[in-house]
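Trainee: Following this message is one structure expressed as C-alpha cells.
Number of protein chains: 4
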Amino acid sequence: MADRPVFSYFYSMKNSAIGEKIIKTASKLFYSNGYNATGVNEIIAKCGIAKATLYSHFNSKEDICLAYLQQRHDAFLTSFKIYVPERKNGKEQLLAIFDFLTDMYRDGDFNGCWALKTLGELSPNQERIFAAIQKQKKEFLSYLGEIVVNNVVNVSKAEKEKISGGLYLLYESAITESHLFKNDWPIFLSKNIAPSIFERMELV
Amino acid sequence: MADRPVFSYFYSMKNSAIGEKIIKTASKLFYSNGYNATGVNEIIAKCGIAKATLYSHFNSKEDICLAYLQQRHDAFLTSFKIYVPERKNGKEQLLAIFDFLTDMYRDGDFNGCWALKTLGELSPNQERIFAAIQKQKKEFLSYLGEIVVNNVVNVSKAEKEKISGGLYLLYESAITESHLFKNDWPIFLSKNIAPSIFERMELV
Amino acid sequence: MADRPVFSYFYSMKNSAIGEKIIKTASKLFYSNGYNATGVNEIIAKCGIAKATLYSHFNSKEDICLAYLQQRHDAFLTSFKIYVPERKNGKEQLLAIFDFLTDMYRDGDFNGCWALKTLGELSPNQERIFAAIQKQKKEFLSYLGEIVVNNVVNVSKAEKEKISGGLYLLYESAITESHLFKNDWPIFLSKNIAPSIFERMELV
Amino acid sequence: MADRPVFSYFYSMKNSAIGEKIIKTASKLFYSNGYNATGVNEIIAKCGIAKATLYSHFNSKEDICLAYLQQRHDAFLTSFKIYVPERKNGKEQLLAIFDFLTDMYRDGDFNGCWALKTLGELSPNQERIFAAIQKQKKEFLSYLGEIVVNNVVNVSKAEKEKISGGLYLLYESAITESHLFKNDWPIFLSKNIAPSIFERMELV
DNA sequence: GATGAATGAGAGTTCATTCAT
DNA sequence: TATGAATGAACTCTCATTCAT
C-alpha cells in the first residue's frame, strides 16, 4: 500500500481479471458520463468483450452500478484511513478531509462525488442503489466521528456529533460545488469555515 | 411571476398554455425519476398531446430540461426573495434559508435539489445545461450575498463572502443530505452550525 | 361476402393498413413456425417496417399474438357461420364442421389449430393468451350447440350437450391429428364416428 | 423399465445418473413452461451442473427434447400396459384409457399432452421431433388396436380400426381439452361417447 | 469427465427525433 | 397549428453453443 499513490479508486480488486476490467471501465464511464447515459454496449466495446460475457459476470447493469459505488467507496475510505493518521493530531487531522479532497480535485478526471451523482439519477424503484449510497455515506460519517473522538477532548457526545456532522456537510458541499464551479474555492472555504465549529473546544 | 426575469425559456414558447403544461409535466417527472430516465413518451402521455406538438414547442429534450431548471430556479428564488424580507433583520434573515428549506423538505414531493440532481447526470457534451445550472447557483449565491450585506455591518468584503459562501455550502449540503437520509437532521445541523461563521461579527 | 372464398383467415381487418400487414405477417409466421420461435425481427423484416413502427401499433408481442388468435378465430367462425346454413338441415348440418375442416385441411398452409398450437407453448404466467383461447373455444362450442338445437328435436338439454360436446371433441382431434399425421383420415374418421352420438335421436 | 424398447435415447448417455437428472429436470420445465420458453440455463441451474456437462451428455437442446418425449412416452405406455390387463375384459378394457387419463388429470402437474404441446411449437425444419412424435402416437394407436383385438369379436378389420381410431381421437381431445378448460368434463364426455362406437358390436 | 469462461446472434422493447398532412 | 405515423439507433438482457483446461 505504501508505494501506491495517496489516492486511487482501484485499490480493492476482486480476483476475476475480466470482472475487474468491467468495473474499471464502467466506473470511468459512469463517473464521467452518468449512469443512465452509459450503455452496456459502450462498456463492452471499451472492454473488448461480448455482451454475454459481461452478463456472466454481473446479473444486471444495476449490479455493475452497485459494484462501482462500492469499489469507489472502499478505495476512498481505505485511502483516507491511511491518510489521516499520517497527519498531526488536533486541527490537522480534523481538517484532513479537505486536503484529501484537494488531492482528489487535482486529479484530471475529477467529476464530483460518484455517489451523489448517482443518487441524483435514481428513480423511486431503484431502492438497492439508494440504500447502498446511504450506507456508504453513513460509514464515512461514522469514520469522521472516529476522527473527532480521537482529536477532541472534554466535549459532550452531542458536540462531537456536531463537529463530525459539520465536517461531513462541508465536505459534501465542497466536493459537489468544486465540480460545479470547476474551481477549488468551495474546498478552501469549507476548510476555512470548519474550525468555527470546534473553535472553543479543546483539541488533543 | 409578475416580474419575470429578463431572460426566460417561457419566452420562446409559441403557445404558452401547452408549453407550460409540458414544462409542468416534465418537471414532475424529471424531478422524481431523473432526467435521463424520463422519456418524451412519458411526458406527452401525461400531457395528452402528440409528440410533434411537443417538438413544436421545444426543439429538443435538452431544451425542456433547460426550461425545467429555469422554472424551478425562478420559482425558488422568487419565493425566497418574498420570504426573506418578512423576517426580522439580523440572525433571522441570515438563517432564513434553512427555515425556507425546512418548508421545502416537508413538501410531499421533496427530492433534493433539482439542479444538483441534473448536474450529476450530465455528460461532458451537455455544456448548455451545465452552464445554466452554474449560472443559477451563482445567482442564488449572489442573493445570499445581498442578505449578508443587509444584515452584517463593519465587516470586510472577504468576510461577507465567507458568510454568504458558508451559508450557500451549508444549504447545498442540507438539501442533498436531507434527501439522502430521508431525515431533516442535515437541515437543522446546517442551521445550527451557520452562526459559528458570523459569531463575532456585528449584525444589524 | 358472397364472392369471397369459402374460408379465409383475413376477413375482418381493422382500418390501419400497417396494422393489418403486421397481423397478417405475424399470423403466417406464428402459424407455421410457432409463437415463441417467431421473433419480432422476422415480422418487421417481412413487413418492411421499422421496429418502432411495429411497437406503435402493438404494445407487445403478446398483443400481436392476441390479435392473431382473435383474427383467426373471427375469420373461422364467421366463415363457418356462413357455411352451415347453406347446407341441408339434419345430418348435413350436424356434420358440416368436418367438411368445413376438410376444406381447411386442403389449404396449402394447413398446420393444425392455431389456438391449440399456441396453447401448447404457454408458460403459466401467460394468462391473457390462455384466457383468450379458452373464450374462443367456448364460443365455438356454443355455436355447435346452436347447430344442434336447430337440427335435433325431442331430446333433453343434456343430450344436446352430449352431441355438441362430442362434435367439438371430434373436431378438435381431427384438426390436430390430421396435421400430425399429414393425412386426412382423422377428419374422415371423426365424421364417420360422429353420427353414432345422435344415432337414435330425431333430426329435423 | 425392465424391458426397455429396442431404441431409447437413454442408451446414448455417457453417465446415466447425470443424464437422467438432466432429462428429469428438462422434462418438468418443458412440460410446464414449454420447449422454446425453457432455456438450457434454466435446466443446468436446476440440475446444479455446468453447461458443458449438459452438452457432453446431449448434443443439442433438440436431443434433450427427443429424450424428454421418448421418456414421457415410454413411461406412459409402460404404465398403461400394466394398467389395462388389470381390468375386466370387454367394455372395461376398451374404456380403460379414460380412467387412466382421469388419474393423470388429477396429478398436480397435469398440463395436457407433452407430445401435442411440443408438436404445436415446431418449425418446419424440426423434422426429427415431428417424426418422433408421430411415431410415438402411432405406437399408442397401435396398442389401442391391440386392446380392441382382445376385446371385440366378430368384427371386420375396418371396424376394429374405427374403434381404436375413435378411442384414440377421443383420448387426444380429452387430454388437450381438459387442460384447456381446467376441467375434467372432456374426459367424462369422451368416455361417455366412446361406447356409441362399438354399441352394436360383440365384446368378449 | 466435468468445468469455467467466453461468444455471436438475436431476443423484446424504448429512445429522441422527423415529416407529410 | 397540431398531429399521426414512421424511423434508425440504442436499450438491457438471453439464446444455444463451443472450447481450452
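So the protein lines, in turn, are chains A, B, C and D. For the first sequence, UniProt numbering begins at 1 and goes up steadily by one. For the second sequence, UniProt numbering begins at 1 and goes up steadily by one. For the third sequence, UniProt numbering begins at 1 and goes up steadily by one. For the fourth sequence, UniProt numbering begins at 1 and goes up steadily by one. Glycine included, every Cβ here is placed at the ideal spot set by N, Cα and C.
(1) Could you name the residues of chain D that C/N151 contacts, counting a contact when the two beta carbons are closer than 7 Å?
(2) Is there a Cβ from chain D that is less than 7 Å from the Cβ of C/I197?
(3) Terminal residues of the continuous alpha helix (DSSP H) containing B/I49?
(4) Along the stretch 128–142 of chain C, where does the CB come closer than 9 Å to a CB of chain D? Name the residues.
(5) Within a Cβ cutoff of 8 Å, which residues of the same chain sit near A/Q126, ignoring the five residues on either side of it in sequence?
(6) Is there at least one Cβ from chain D nearer than 7 Å to C/S123's Cβ?
(7) Specify whether the stretch 110–121 of chain B and the stretch 109–120 of chain A touch according to this definition: at least 3 beta carbon pairs, one from each stretch, less than 8 Å apart.
(8) Are the CB atoms of C/L144 and C/Y105 nearer to each other than 7 Å?
(9) Considering only residues of the same chain and omitting the five flanking positions on each side of D/I64, which have a CB-CB separation below 6 Å?
(10) Mind pulling the chain A residues with CB within less than 8 Å of B/K28?
(11) Of all Cβ atoms in chain D, is any one closer than 7 Å to the Cβ of C/K117?
(12) Roughly how many angstroms lie between the CA atoms of A/D74 and B/L69, to the nearest whole one?
(13) So, under 8 Å CB-CB, B/M201 and B/V149 are touching, yes? Tell me the CB distance rounded to an integer number of Å.
(14) Quick check: the stretch 188–203 of chain C against the stretch 130–139 of chain C, are there 3 or more CB pairs under 8 Å?
(15) Consult DSSP for A/E199 and reduce its assignment to one of helix, strand or coil.
(16) With 9 Å as the limit, tell me which residues of the stretch 163–183 of chain B have their beta carbon closer than that to any beta carbon of chain A; keep them in chain order.
(17) Give me the Cα-Cα distance between A/A2 and A/F100, rounded to the nearest whole angstrom.
(18) Name the DSSP beta bridge partners of C/V152, please?
(19) The alpha helix (DSSP H) with A/A96 in it runs from where to where?
(20) Could you check what DSSP says for A/Y9 in three-state terms: helix, strand or coil?
(21) Using only alpha-carbon positions, find the residue among B/K51, B/A37, B/A45 and B/D107 that is nearest to B/H179.
(22) Which residues in the same chain as D/I187 place their Cβ atom closer than 7 Å to its Cβ, once the five residues preceding and following it in sequence are excluded?
(23) Among the residues of its own chain, which have a CB less than 6 Å from the CB of A/L94, if the five just before and after it don't count?
(24) For B/A194, decide whether its Cβ has a neighbour in chain A, counting only Cβ atoms nearer than 7 Å.
(25) Excluding sequence positions up to five away, which residues of its chain have a Cβ less than 6 Å from the Cβ of A/D184?
(26) B/P186 touches chain A at which residues, Cβ-Cβ below 7 Å?
(27) How big is the Cα-Cα spacing for C/A17 and C/N41?
(28) When DSSP labels each residue in this structure, what does D/A37 get in the three-state scheme?
(29) If you draw a straight line from the C-alpha of A/K191 to the C-alpha of B/I193, how long is it?
(30) Just verifying my parser: in three-state terms, what is the DSSP assignment at residue 206 of chain C?
(31) Could you pull out every residue in the same chain whose Cβ sits closer than 6 Å to the Cβ of residue 208 of chain A, ignoring the five residues on either side in sequence?
(32) Could you compute how far the alpha carbon of B/L54 sits from the alpha carbon of B/I44?
(33) Taking just the CA atoms, how far does D/R87 sit from D/S79?
(34) For C/D109 and D/A158, I'd like the C-alpha separation in whole angstroms.
(35) Would you say A/A45 lies against chain B (beta-carbon separation less than 7 Å)?
(36) Can you give me the Cβ contacts of C/W114 inside the same chain, cut-off strictly under 6 Å, excluding the 5 residues immediately before and after it?
Mentor: Taking the structure as given:
(1) Per Cβ cutoff of 7 Å: no residues; C/N151 is ~18 Å from chain D at best.
(2) yes
(3) Premise fails: B/I49 is in no alpha helix (DSSP H) and is neither H nor E.
(4) Going along the stretch 128–142 of chain C in chain order, one finds F130, I133, Q134, K137 and K138 with a Cβ nearer than 9 Å to chain D.
(5) E62
(6) Look at C/S123: its C-beta is under 7 Å from a C-beta on chain D.
(7) yes
(8) No, they are not a contact pair.
(9) Around D/I64: A26 and F58.
(10) Chain A residues near B/K28: none, gap ~12 Å exceeds 8 Å.
(11) yes
(12) Going from the Cα of A/D74 to the Cα of B/L69 covers about 34 Å.
(13) Not quite, the Cβ-Cβ distance comes to about 12 Å (not below 8 Å), so this is no contact.
(14) no
(15) coil
(16) G165, G166, Y168, L169, L170, Y171, E172, S173, A174, T176, E177, H179, L180, F181 and K182
(17) Note that A/A2 scores 30 on pLDDT, short of 50, meaning its location in the model is unreliable and no value can be drawn from it.
(18) C/L203
(19) Run containing A/A96: A96 to R106, per the alpha helix (DSSP H) assignment.
(20) Note on A/Y9: pLDDT 43, under 50, position unreliable in the model; the coordinate value appears next. Correct three-state label for A/Y9: coil.
(21) B/D107
(22) F98, L101, T102, Y105, A174 and S178
(23) Same-chain partners within the cutoff: N151.
(24) no
(25) Only Y105 and S178 meet the Cβ criterion.
(26) L169
(27) 19 Å
(28) coil
(29) 14 Å
(30) Residue coverage of chain C in this structure runs from 1 to 204, which leaves residue 206 of chain C outside it and unanswerable.
(31) Here chain A has residues from 1 to 204 only, and residue 208 of chain A is not among them.
(32) The straight-line gap separating the alpha-carbon atoms of B/L54 and B/I44 is approximately 7 Å.
(33) 13 Å
(34) Cα to Cα, the separation comes out at about 31 Å.
(35) Taking Cβ atoms only, chain B never reaches closer than 7 Å to A/A45, which makes this a no.
(36) Y31 and R72.
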